[in-house]
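Chemist: The sequence shown begins at 5 in the UniProt record's numbering and counts up one residue at a time. Quick reminder that beta carbons are idealized off the backbone N, C-alpha and C, glycines included.
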Amino acid sequence: PASKLPDVGASIFTVMSALANEHQAINLSQGFPDFNCPEPLIHLADKYMREGFNQYAPMAGMPQLRHKISLKTEKMYGFSPDPDTEVTVTSGATEALNAAITAVVKPGDEVVVLEPCYDSYAPVIRLCGGAPMYVPLSLPDFSIDWDQVKKRVSSRTRLIIINTPHNPTGAVMSRQDMDTLANLLDGTDILVLSDEVYEHMVFDGQEHYSALQHPQLRERSFVVSSFGKTYHTTGWKVGYAVAPAPLTNELRKMHQFITFCTATPLQLAIADFMEEETHYLGLPDFYQAKRDFFLEQLKQTRFEFIPSAGTYFQLVKYDGITDAYDVDFARHLTTQTGVAAIPVSAFYHDKTDNKYLRFCFAKSEETLRAAGEKLKSV
Ligand code: PMP
Ligand code: GLN
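Dropping the structure here:
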């Protein structure tokens, strides 16, 4: 039978992690920490499993967790979503993104997508019969060219997807970007999907500016986050979406038939652990120290970089080393040098190759030091 996504193969994260394992390379490709999540979180999950919280959670998420998400949103962004009607717990941000897109995109709709972008957006848009309308971010800082965005907006535009802090580039949207977006959408019924999974990883004293902080944006936005990033638990797959009640209502119709609900004991453990605000309030310093340690290593190599402003990714430019296609160079680095990275062309629909690789620095100092040693030989 004809494939619904004929051009889609295994994701670049799957491919590079497998290659890294096969060649025993240091894996700085797929984004995940190589250190464990906090001990108390493990104890809480264990406790709830032993106490028998092992059956279905309510479809929208455990009330305790939705309440904590609302409190955190109030504390960080000065807005408290209604836990009953505006917060939905999902199986990772991936599910929230899927549910938000499928809830609103109909055949013939257009969705504005800024490239490079996370790999899950476009296939879901296409499965809905929608058309991704790509706008490239501007080199060298991957800022948003709002005039270009404006040119891509039409009477068919249903949704615009933004991602801040941005994977893979580490770019962070400013308050002014959000204002410009709000002005652009004023008077239209275009919705926003704001992927903010790295909301707690912003560096150098900058602040994450959430769509939830912006009154005109939040009334038309799905805002998505992930506990996988915040609590070093990418394998738990617990995330959430915040959206106005009518949008949440539509998103939940999708969620209830994608997974119905998300792991009960993990939701309860996270809800309790969220009391510990110092964890997420400390994340910028925690990851900035890792970024800086990694940059110290990179300074002794021939790679060029602009320090990442957010996320746990660092882009490097390698055109001073070789003019090889980034996919080939990433493969070479993995198999010959012993360090795996992600080629950034994988985040462009037409595989645009600007000679960038993405390294994940959510790793122990030993790992980052060992990777730096190997990269010096390149
Ligand atoms: N969006 C972005 C930008 C991401 O980097 C990731 C994680 N790779 C996700 C969504 C998915 O998050 P989760 O693992 O919670 O599904
Ligand atoms: N979000 C992770 C990354 O960007 C990968 C997640 C996945 O493997 N699907 O590396």
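For the beta strand (DSSP E) containing Glu43, list its first residue and its last residue.
Modeler: Here Glu43 belongs to no beta strand (DSSP E); instead the alpha helix (DSSP H) covers Glu43 to Arg54.
Chemist: Identify, in the order they occur along the chain, each residue of the same chain with its Cβ nearer than 6 Å to the Cβ of Asn102, setting aside the five sequence neighbours on each side.
Modeler: Val128, listed in sequence order.
Chemist: Taking Cβ positions, are Ile166 and Val196 nearer each other than 8 Å?
Modeler: Cβ distance < 8 Å, so Ile166 and Val196 count as in contact.
Chemist: Take Gly239 as the anchor and find which of Gln220, Leu361 and Ala267 has the nearest alpha-carbon.
Modeler: Per the Cα distances, Ala267.
Chemist: Around ligand 2, what residues have a beta-carbon under 6 Å from a heavy atom of it, in chain order?
Modeler: The answer, residue by residue, is Ser15, Phe17, Gln34, Gly35 and Asn171.
Chemist: In whole angstroms, what separates the C-alpha of Arg373 from that of Leu299?
Modeler: Cα to Cα, Arg373 sits roughly 10 Å from Leu299.
Chemist: Whose C-alpha, out of Ala350, Tyr316, Gln318 and Leu319, is nearest the C-alpha of Asp332?
Modeler: Taking only the C-alpha atoms, the option nearest Asp332 is Ala350.
Chemist: Classify Thr94 as helix, strand or coil using the three-state DSSP reduction.
Modeler: The answer is strand: DSSP assigns Thr94 an E or B state.
Chemist: Taking only runs of the beta strand (DSSP E) that begin and end inside the segment 83-151, which ones reach a length of at least 3 residues, in chain order?
Modeler: Taking only runs of at least 3 residues, the beta strand (DSSP E) segments lying wholly in the segment 83-151 are 91-94, 114-119 and 135-140.
Chemist: With hydrogens ignored, establish whether the beta-carbon of Gly174 is closer than 7 Å to any heavy atom of ligand 4.
Modeler: Ligands displayed in this structure: ligand 1 and ligand 2; ligand 4 is not among them.
Chemist: For the putative contact between Ser284 and Leu45, defined by C-beta atoms under 8 Å, what is the C-beta separation to the nearest angstrom?
Modeler: The residue you asked about is not Ser; residue 284 is Tyr in the sequence shown. The pair is not a contact, with the Cβ atoms about 12 Å apart (cut-off 8 Å).
Chemist: I'd like to know whether the C-beta atoms of Tyr360 and Met205 end up nearer to each other than 8 Å.
Modeler: Contact: no.
Chemist: Taking Arg222 as the reference, which of Lys241, Leu185 and Phe231 has the closest Cα?
Modeler: Out of Lys241, Leu185 and Phe231, Leu185 has the C-alpha closest to the C-alpha of Arg222.
Chemist: Where do the N-terminal and C-terminal ends of the beta strand (DSSP E) with Ile325 fall, by residue?
Modeler: That residue, Ile325, is in no beta strand (DSSP E); it is neither H nor E in DSSP.
Chemist: Considering only C-alpha positions, which residue in the set Phe17, Asn25, Tyr81 and Val93 is nearest to Lys241?
Modeler: Nearest of Phe17, Asn25, Tyr81 and Val93 to Lys241, Cα basis: Val93.
Chemist: Name the two residues that bound the continuous alpha helix (DSSP H) containing Thr184.
Modeler: From DSSP, the alpha helix (DSSP H) with Thr184 extends over Arg179 to Leu189.
Chemist: Within the present structure, is the beta-carbon of Val153 separated from the nearest heavy atom of ligand 1 by less than 7 Å?
Modeler: Every heavy atom of ligand 1 is 7 Å or more from the Cβ of Val153, so no.
Chemist: Counting pairs of Cβ atoms below 8 Å between the segment 246-255 and the segment 20-39, do you hit three or more?
Modeler: No: the two stretches stay apart, fewer than three of their Cβ pairs being nearer than 8 Å.
Chemist: Compute the Euclidean distance between the alpha carbons of Asp289 and Phe207, then round it to the nearest angstrom.
Modeler: In a straight line, the C-alpha of Asp289 is about 7 Å away from that of Phe207.
Chemist: Check this for me: beta carbons of Val246 and Val91, under 8 Å apart or not?
Modeler: It is a contact, given that the beta carbons lie within the stated cut-off.
Chemist: Under 7 Å: does the beta carbon of Tyr241 sit that close to some heavy atom of ligand 1?
Modeler: Checking the sequence shown, residue 241 turns out to be Lys, not Tyr. Yes, Cβ of Lys241 sits closer than 7 Å to a heavy atom of ligand 1.
Chemist: Would you verify that the beta carbon of Ser312 is, or is not, closer than 8 Å to some beta carbon of chain D?
Modeler: The chain labelled as chain D is not found in the depicted structure, where only one protein chain is given.
Chemist: Is Ile166 helix, strand or coil when you go by DSSP?
Modeler: It is a strand residue.
Chemist: Label Leu9 either buried or exposed according to how many other C-beta atoms from any shown protein chain fall within 10 Å of its C-beta, with 16 as the threshold for buried.
Modeler: Exposed: under 16 other Cβ atoms inside 10 Å.
Chemist: In its own chain, which residues sit with a C-beta less than 7 Å from the C-beta of Arg179, not counting the 5 before and 5 after it?
Modeler: Cβ neighbours of Arg179 beyond the five flanking positions: Tyr213.
Chemist: With distances taken Cα to Cα, identify the nearest neighbour of Tyr52 among Leu189, Ala273 and Ala334.
Modeler: The residue with the shortest Cα to Cα distance from Tyr52 is Ala273.
Chemist: Does the segment 59-78 come close enough to the segment 304-314 to have 3 or more Cβ pairs within less than 8 Å?
Modeler: Judged by Cβ distances under 8 Å, the segment 59-78 makes no contact with the segment 304-314, as fewer than three pairs qualify.
Chemist: Taking 8 Å as the threshold (C-beta atoms), are Pro37 and Ala366 in contact?
Modeler: In this structure, Pro37 lies closer than 8 Å to Ala366 by Cβ.
Chemist: Below 7 Å, is the gap between the Cβ of Gly65 and the nearest heavy atom of ligand 1?
Modeler: Gly65: no, Cβ never under 7 Å from ligand 1.
Chemist: Whose CA, out of Cys364, Glu369, Gly56 and Ala135, lies closest to the CA of Leu163?
Modeler: The option with the nearest alpha carbon to Leu163 is Ala135.
Chemist: Measure the Cβ-Cβ separation of Ala328 and Ile346 and say whether it is below 8 Å.
Modeler: Result no, Cβ atoms of Ala328 and Ile346 do not sit closer than 8 Å.
Chemist: With a 10 Å radius around its C-beta and 16 neighbouring C-beta atoms as the bar for buried, classify Val12 as buried or exposed.
Modeler: The residue in question, Val12, is exposed, as its Cβ has fewer than 16 Cβ neighbours within 10 Å.
Chemist: Rounded to the nearest angstrom, what separates Lys321 and Phe363 at their Cα positions?
Modeler: The alpha-carbon atoms of Lys321 and Phe363 are separated by roughly 11 Å.
Chemist: Here's the rule: buried if 16 or more other CB atoms are within 10 angstroms of the residue's CB, otherwise exposed. What is Ser229?
Modeler: By the 10 Å Cβ count, Ser229 comes out buried.
Chemist: Name the residue from Ala6, Leu48, Arg54 and Ala104 whose alpha carbon lies nearest to the alpha carbon of His259.
Modeler: Residue Ala104 is the option with its Cα nearest to His259.
Chemist: My parser needs the beta strand (DSSP E) runs of 3 or more residues fully inside the segment 272-341; what are they?
Modeler: Entirely contained in the segment 272-341, the beta strand (DSSP E) runs reaching 3 residues are, in chain order, 317-321.
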